[in-house]
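Notes follow the structure.
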Amino acid sequence: MVTDRIPLFPLGTTLFPGLVLPLNVFEDRYRALVADLLALPEGTPRRFGVVAIRNGQEVAPTGQEGRATGPAAGLGAEPLAALHGIGCIADATGVAERDGGGYELVATGLIRFRLLSLDLSGPYLTAEIEEIPETTGGGAGALASEVTRVFGTYQKRLAGARERTLAPGQEFPDDPTVLSYLVAAALIAETPVKQALLEEPDSAARLSAELRLLRRETAVIEKLPSLPAVDLTSQPISAN
């Protein structure tokens, strides 16, 4: 088992490999994290880990019992248990410093990791992790074709329920793994559902789970008169 130690950025959302997530960094602990990434030698990857919070808060709380200050603020008395066990290594791109402090950056997902342990001794969390190699799984190609078809129907039903026009000419990736993460990110679902998709053992299992979700959600949309106007492929901006 090959392990690594990287800075950790817990969030209230799930990041997938190949997808991007804009971050608004204002807390001291994460400003220190970004400053250390920027201080790395030119050409060095600015890697950090994004992991979804299972039970806790993204922003340091005020007056909360447990850990209300420090690198694990908002994660309670047992920070490791407050986080999901699988996250995504990200590359910090497009970092811009804001007037008055803080940063805006884009986190680009690279590869999944398994969270092994936390280090709370510094200004921000660091973690010992194990990278999870990607595997395709049996039948991924056939599943990808079916997911593409059903996802197209899902988009049409969603656009119709919102009385909006679907953008023409959308193309889907041929690679089953890339497709599985794209669909996982685009699905309108709560974080536990997206986290479960991230944790699927291979692309075939993820596509199979997405197929069930898409069929279920498409059937639900058909029975609803309207839905809130939220962009299908938009990514939330972290409160941090």
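Under our numbering, read the sequence shown as residues 683 to 922, first letter to last. Backbone N, C-alpha and C define an ideal beta-carbon position, used for all residues, glycine too.
Asked, Found
"Going by the CB atoms, is the gap between L701 and Y863 shorter than 8 Å?", "yes"
"Give the C-beta separation of V733 and G769 to the nearest angstrom, bearing in mind that I take them to be a contact with Cβ-Cβ under 8 Å.", "3 Å"
"Would you please state the rounded distance, in angstroms, between the beta carbons of A774 and A789? I believe it to be under 8 Å.", "6 Å"
"Please say whether T873 and T695 have beta carbons closer to each other than 8 Å?", "yes"
"Kindly indicate the opening and closing residues of the beta strand (DSSP E) around S803.", "S803 -> no beta strand (DSSP E), and no H or E assigned at all."
"In whole angstroms, give me the CA-to-CA distance for L825 and I870.", "20 Å"
"Within 10 Å of its beta-carbon, does E892 have 16 or more other beta-carbons around it, so buried, or fewer, so exposed?", "buried"
"In or out: T817 buried (at least 16 other Cβ within 10 Å) or exposed?", "exposed"
"Distance, Cα to Cα, V829 vs T685?", "34 Å"
"Taking C-beta to C-beta, are V819 and D718 nearer than 8 Å?", "The question names Val, but residue 819 is Gly in the sequence shown. No."
"Output needed for G767: all residues of its chain with C-beta closer than 6 Å, excluding positions within five of it in sequence on either side, in chain order.", "L797"
"Kindly provide the ranges of any alpha helix (DSSP H) runs that are 4 or more residues long and lie completely inside the segment 712-783, ordered along the chain.", "761-764"
"I'd like the span of the beta strand (DSSP E) that includes L705, first residue to last.", "V702 to V707"
"By DSSP's criteria, P689 is part of a beta bridge. Which residues make up the other side?", "T808"
"Excluding five sequence neighbours on each side, which residues of the same chain lie with their C-beta closer than 7 Å to the C-beta of Y785?", "V707, R713, V716, V777, A778 and E779"
"Work out the CA separation of S827 and R839 for me, nearest whole Å.", "19 Å"
"Report yes or no: is there a C-beta of chain C within less than 8 Å of the C-beta of G756?", "In the structure shown, chain C cannot be found, because there is only a single protein chain."
"Given this structure, state the Cα-to-Cα distance separating F854 from F833, to the nearest angstrom.", "10 Å"
"Cβ of L757 within 8 Å of Cβ of P692?", "yes"
"Alpha carbon to alpha carbon, how far is L889 from D856? Give it in angstroms, no decimals.", "13 Å"
"Is it buried or exposed, V865, if we count other Cβ atoms within 10 angstroms and call 16 or more buried?", "buried"
"Going straight from the alpha carbon of S799 to that of E810, what length do you get?", "5 Å"
"Would L836 and E899 be called neighbours here (beta carbons separated by less than 8 Å)?", "The identity of residue 836 in the sequence shown is Tyr, whereas the question assumes Leu. Yes."
"In or out: E953 buried (at least 16 other Cβ within 10 Å) or exposed?", "A query on residue 953 cannot be resolved here, the shown segment of the chain reaching from 683 to 922 and no further."
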